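J.:
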Amino acid sequence: MLKQLYLIGFMGCGKSTVGRYLQEEHDLSFVDTDTFIEETHGKEISEIFATGGEQLFRKIEIEALRSLNNVEIVSTGGGIVERKENQITMEKNGFIVYLETSFEEIVSRLQADTTRPLWNQNLKKREQLYERRNTLYLSFADAVIQTDAMTVEEIGEKIMKIRREE
Ligand code: S3P
Numbered sequence: 022m023l024k025q026l027y028l029i030g031f032m033g034c035g036k037s038t039v040g041r042y043l044q045e046e047h048d049l050s051f052v053d054t055d056t057f058i059e060e061t062h063g064k065e066i067s068e069i070f071a072t073g074g075e076q077l078f079r080k081i082e083i084e085a086l087r088s089l090n091n092v093e094i095v096s097t098g099g100g101i102v103e104r105k106e107n108q109i110t111m112e113k114n115g116f117i118v119y120l121e122t123s124f125e126e127i128v129s130r131l132q133a134d135t136t137r138p139l140w141n142q143n144l145k146k147r148e149q150l151y152e153r154r155n156t157l158y159l160s161f162a163d164a165v166i167q168t169d170a171m172t173v174e175e176i177g178e179k180i181m182k183i184r185r186e187e
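Residue 83 in our numbering sits at position 62 of the sequence shown, and the numbers go up by one each step.
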C-alpha cells in the first residue's frame, strides 16, 4: 500500500475534485497545495502572482509540497512540474498520478475562469503552455489516467486500485 499519492495535471483536469472524492468516499487525508498555500499565507494565489510574480509563487509551492509529507492524497497546482525539486519530493514520498485531459476539454471547462493567472492569456499561449506541460507531466508520472470520458467516481476508483496494487 502506498504511503502518499500525488495528483498532477493541467489546470482544470480535476485534481482537487478527485482528491475531495477520495477524502469523502474513502476516508483518506487530503490536501490541495493551492488551498494550503492560500490558507498558510492568508492570500489568494492570484494575489501572490500579482505581488511577487510566478517566481515567488514557485518558491512557496516548493516549500508547501515538502511540508505535506504526511498526507495520503495531495493534489498539486498545474505548475508543480515547473521545478525539478518537486519531482524529487514526490518521488521520495510516494507515487505520482497524471490526470491527463485534452486541451479541448480543458478549454470548455475553464471557459469562464478568471482566477488562474496563467490561464488569463490568449488561446495560442494557453495551448503552448498545455503542450509544454504535457511533456513535463509525462516525465514526472508513475501512472497516467486519461480522464476525458471518465466520471470523478471512475477516476477515484481507478486511483484506489493503483493505490492498493502498488
Ligand atoms: C498554475 C495552476 C494553478 C495554480 C496557479 C499556477 C499553473 O493550480 O497553482 O495558478 O502554473 O498551471 P490548478 O492546476 O489547481 O488550477
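Every residue, glycine too, gets a C-beta built ideally from N, C-alpha and C.
Quantities reported herein were computed from a predicted structural model and do not represent experimental measurements.
Where does G177 sit, in a helix, a strand or coil, going by DSSP?
T.: DSSP places G177 in helix when its eight states are reduced to three.
J.: Quick check: the Cα distance between I109 and I81, rounded to an integer number of angstroms?
T.: Cα to Cα, I109 sits roughly 16 Å from I81.
J.: Within the same chain, show all residues whose beta-carbon is closer than 8 Å to that of N141, passing over the 5 residues directly before and after it, in chain order.
T.: Answer for N141: T135, listed in chain order.
J.: If contacts are defined as beta-carbon pairs under 8 Å, then G74 and M32 qualify, I think. What distance do you get, rounded to the angstrom?
T.: With a Cβ gap of about 18 Å, G74 and M32 do not count as contacting.
J.: Quick check on the DSSP output: the alpha helix (DSSP H) that includes V188 runs from which residue to which?
T.: The structure shown does not extend to residue 188, since the chain is modelled only from 22 to 187, so the question has no answer here.
J.: Whose C-alpha, out of R104, L86, F51, S88, is nearest the C-alpha of S160?
T.: Ranking the options by Cα distance to S160, first place goes to R104.
J.: In three-state terms, what does DSSP make of G73?
T.: Helix at G73.
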